[in-house]
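Participant:
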Amino acid sequence: MNPLFHTLYLESTRNCNFACPNCSSGSNKKDEIEEDLSFSVIVERILKPAKELGTNNIDFSGGEFLLRKDSFDILAKANELGFSIGILSNGSTLDEQTLNKIEKILGRNVIISLGINSFDNENIESRQSSKEYFLKVLNRLERHHFTVNVSVTMGSFNCETFHQTLKNINNLHLPFNRVPYSPRNSSNRKWMFNKEIMKKYLHPALREYYKGFVSYVPFFLNTKDYIKYSVQVSEMLKVPTNPSVGCWVGSFYAINPKGDVAPCPLVSDHVSGGNVLTEELYDILYKSELFTKIVERSNLEGKCGKCKFRFTCGGCRVYSYYLTGNIFASDPTCFIDDLSTNELKELEIKTAKNFKNYCRMVHFGKTKNKD
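Just so we're on the same page, this note's numbering is the position in the sequence shown counted from 1, plus 637.
1) Which whole runs of the beta strand (DSSP E) in the stretch 734–819 are 3 residues long or more, in chain order?
2) Would you call the CB atoms of N776 and S729 closer than 8 angstroms?
3) With distances taken Cα to Cα, identify the nearest neighbour of N1009 among F642, L778, P817 and K768.
4) Can you name the start and end residues of the beta strand (DSSP E) that A966 belongs to?
5) Give me the DSSP bridge partner(s) of V886.
6) Is D732 helix, strand or coil by DSSP?
7) Report all residues from its chain with a CB closer than 7 angstroms to the CB of P658; omit the five preceding and five following residues, and keep chain order.
8) Over the uninterrupted alpha helix (DSSP H) stretch that includes A842, give me the two end residues.
9) Quick one: grab the DSSP three-state call for N1006.
10) Between T949 and F783, what straight-line distance do the alpha-carbon atoms span, to the nearest angstrom?
11) Just to check my reading of the structure: I683 and L918 have Cβ atoms closer than 8 angstroms, yes? What is that Cβ distance to the nearest angstrom?
12) Secondary structure at I670, three-state DSSP: helix, strand or coil?
13) Just grab the DSSP bridge partners of D897 for me.
14) Give the secondary structure of E926 by DSSP, where H, G and I count as helix, E and B as strand, and everything else as coil.
15) Helix, strand or coil: how does DSSP classify L725 here?
16) Starting from I864 and walking both ways along the alpha helix (DSSP H), at which residues does that stretch end?
17) Would you be able to state if there are at least three C-beta pairs under 8 angstroms between the stretch 967–980 and the stretch 893–904?
18) Taking the C-alpha atoms as reference points, what is the distance between L772 and C996?
19) Name the one or two DSSP bridge partners that I695 has.
20) Which two residues bound the contiguous alpha helix (DSSP H) that contains G939?
21) Taking the alpha carbon of L641 as the point to measure from, which residue in R954, A891 and P877 has its own alpha carbon closest?
22) Does the Cβ of Y818 have 16 or more other Cβ atoms within 10 Å, making it buried, or fewer, making it exposed?
23) Please report how far the alpha carbon of L803 lies from the alpha carbon of T915, in whole angstroms.
24) So for S661, helix, strand or coil by DSSP?
25) Quick check on DSSP: helix, strand or coil for T949?
26) Rounded to the nearest angstrom, what separates I753 and K945 at their Cα positions?
27) Using the rule of at least 16 other Cβ atoms within 10 Å of the residue's Cβ for burial, across every protein chain shown, is G691 buried or exposed?
28) Rounded to whole angstroms, how far is the Cβ of T735 from the Cβ of D696, which I believe are closer than 8 angstroms?
29) To which residues of the same chain is Y770 closer than 8 angstroms at the C-beta, ignoring the five residues directly before and after it?
30) To the nearest angstrom, how far is it from the Cα of K1005 to the Cα of N994?
31) Among residues of its own chain, excluding the 5 on either side of S705, which ones have a beta-carbon nearer than 6 angstroms to its beta-carbon?
32) With a 10 Å radius around its C-beta and 16 neighbouring C-beta atoms as the bar for buried, classify I921 as buried or exposed.
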């Protein structure tokens, strides 16, 4: 079974050749970017300790990770250590020469993640790129036979086109990962969504296109159905990790360019359990007050702590933090209290059916027909 903290999101640089207006990592604030951690620090304080404690997957991000002069050395070392590797990119560095080099170093042990927030004007407002640019890079990656997934930021700014965006991605036969917009390094809170937007726009789209999920967001999956269809043994239930569903806190963790370790990349620079430059990674994840508390979902407060779906959902710790100031608070975007008994039951049945098919996709590499 997959352990806790099976995936590391490593933000190894804030340097970027784009300047997206509300960049999560703060890469648009060029005069505030710190010096990158060195290759030796990344290997000795992050990669090796991560592998020793059971982390199997690593996603390299930025900034634009491939702008690091030692990025290929880092990829080679991660591959040598046995990680499954992901690279998040804005696409600008993925020219033919770079792709050939990545293929030479990693073979097929890589998933490349591209971002698009809408196939309409909202994408240009939120990213320094267009749908034409996205499709051009995608075609180049497909010519090289790289596995690709798509990161889609969802917020109030693109809620009305979100369904169509997922439909377009589905038509391209690509998996996707939804990323809630957060004001991590931006003062713009207008793009955050509320429970009304979640109920009206976002959740219906996510229910329909669950097969594309990199991370399945159930809300209404009960523990009994999770155990029935997943391969996680019930004796080891703390957070769902095989497959990971709902809030990924406990499944993944994030390290920012300063070496701070956060339970989610979207709260990096705000919330930290410790720093790898001064503390051992194992101690941060398994002994710090933040991490030992947050993986016990009985410690969640308000309705999230009492909810029948708390194990499989967990609420969004990111929105809890940014909207209340408390990462353990109830998820303000949850609309469960607005549902009738019959509505909730229907969603629970639908979610269980979706999850059954999702597990088929995850464990057999393809999605079978619905029952």
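The C-beta atom is built at its ideal place from N, Cα and C for all residues, glycine as well.
Since the model is a prediction, treat every value here as computed from it, not as a measurement.
Facilitator: By the coordinates alone:
1) The beta strand (DSSP E) runs lying completely inside the stretch 734–819 and spanning 3 residues or more are 748–752, 784–791 and 813–817, given in chain order.
2) Along the sequence shown, one-based indexing puts residue 776 at 139. Along the sequence shown, one-based indexing puts residue 729 at 92. No.
3) Residue 1009 lies beyond the range of the chain shown here (638 to 1008); nothing can be said about it.
4) Here residue 966 corresponds to residue number 329 of the sequence shown, with the count starting at 1. That residue, A966, is in no beta strand (DSSP E); it is neither H nor E in DSSP.
5) On the sequence shown, position 249 is the one that residue 886 refers to. The partner list for V886 (beta bridge, DSSP) reads F889.
6) Locating residue 732 in the sequence shown gives position 95, where the first residue counts as 1. Per DSSP, reduced to three states, the secondary structure at D732 is coil, with no helix or strand assignment.
7) Position 21 of the sequence shown, counting from 1, holds the residue named residue 658. Cβ neighbours of P658 beyond the five flanking positions: N665.
8) Mapped onto the sequence shown, residue 842 falls at position 205. Counting along the chain, the unbroken alpha helix (DSSP H) around A842 starts and ends at H840 to E845.
9) One-based indexing of the sequence shown puts residue 1006 at position 369. Model confidence at N1006 stands at a pLDDT of 39, short of 50, so the residue's coordinates are unreliable; what they give is reported in the following sentence. Coil, per DSSP.
10) What you label residue 949 is simply residue 312 of the sequence shown in a count that begins at 1. What you label residue 783 is simply residue 146 of the sequence shown in a count that begins at 1. Cα-Cα distance, rounded: 31 angstroms.
11) Working through the sequence shown from its first residue, we reach residue 683 at position 46. Working through the sequence shown from its first residue, we reach residue 918 at position 281. I683 to L918, Cβ: 7 angstroms. Contact.
12) Position 33 of the sequence shown, counting from 1, holds the residue named residue 670. If DSSP states are grouped into helix, strand and coil, I670 belongs with coil.
13) As a first step, residue 897 must be located in the sequence shown, where it is residue number 260. According to DSSP, D897 bridges with N912.
14) Position 289 of the sequence shown, counted from the start, is the residue given in the question as residue 926. Looking at E926 - three-state DSSP - the assignment turns out to be helix.
15) Looking up residue 725 in the sequence shown gives position 88. The answer is strand: DSSP assigns L725 an E or B state.
16) If you number the sequence shown from 1, residue 864 lands on position 227. Judged by DSSP secondary structure, I864 falls within the alpha helix (DSSP H) whose first and last residues are T860 to Y866.
17) When C-beta atoms of the stretch 893–904 are compared with those of the stretch 967–980, fewer than three pairs fall below 8 angstroms, so the two segments do not count as touching.
18) Reading the sequence shown from its first residue, position 135 is the one you call residue 772. Reading the sequence shown from its first residue, position 359 is the one you call residue 996. Their backbone Cα atoms lie some 29 angstroms apart in a straight line.
19) On the sequence shown, residue 695 is found 58 positions in, with the first residue counted as 1. The secondary-structure analysis by DSSP pairs I695 across a beta bridge with L645 and I722.
20) Within the sequence shown, the letter at position 302 stands for residue 939. Run containing G939: G939 to K943, per the alpha helix (DSSP H) assignment.
21) Sequence index remark: in the sequence shown, residue 641 carries index 4 (1-based). Per the Cα distances, P877.
22) The residue labelled residue 818 in the question sits at position 181 within the sequence shown. Its Cβ being crowded by 16 or more others within 10 Å, Y818 is buried.
23) Looking up residue 803 in the sequence shown gives position 166. Looking up residue 915 in the sequence shown gives position 278. Using only the alpha carbons, I get a separation of about 42 angstroms.
24) Numbered from 1 along the sequence shown, position 24 holds the residue referred to as residue 661. It is coil, neither helix nor strand.
25) As a first step, residue 949 must be located in the sequence shown, where it is residue number 312. Collapsing the DSSP output to three states places T949 in coil.
26) Counting from 1 along the sequence shown, the entry for residue 753 is found at position 116. Counting from 1 along the sequence shown, the entry for residue 945 is found at position 308. Their backbone Cα atoms lie some 34 angstroms apart in a straight line.
27) Here residue 691 refers to the residue found at position 54 of the sequence shown. By the Cβ-count criterion, G691 is exposed, with fewer than 16 other Cβ atoms from all chains shown falling within 10 Å of its own Cβ.
28) Within the sequence shown, the letter at position 98 stands for residue 735. Within the sequence shown, the letter at position 59 stands for residue 696. At roughly 18 angstroms, the Cβ-Cβ gap does not stay under 8 angstroms, so T735 and D696 are not in contact.
29) As a working mapping, residue 770 is identified with position 133 in the sequence shown. Excluding residues within five positions, the ones whose Cβ falls inside 8 angstroms are G728.
30) Position 368 of the sequence shown, counted from the first residue, corresponds to residue 1005. Position 357 of the sequence shown, counted from the first residue, corresponds to residue 994. In this predicted model, K1005 has a pLDDT of only 38, less than 50, meaning its place in the structure is not dependable; the value taken from the coordinates is given anyway. Here the C-alpha atom of K1005 lies approximately 7 angstroms from the C-alpha atom of N994.
31) Stepping through the sequence shown from its first residue, residue 705 is reached at position 68. Per the sequence shown, residue 705 should be read as Arg rather than Ser. Taken in chain order, the residues that qualify are T650.
32) Residue numbering aside, residue 921 sits at position 284 when the sequence shown is read from its first letter. Residue burial annotation: I921 is buried, with at least 16 other C-beta atoms found within 10 angstroms of its C-beta.
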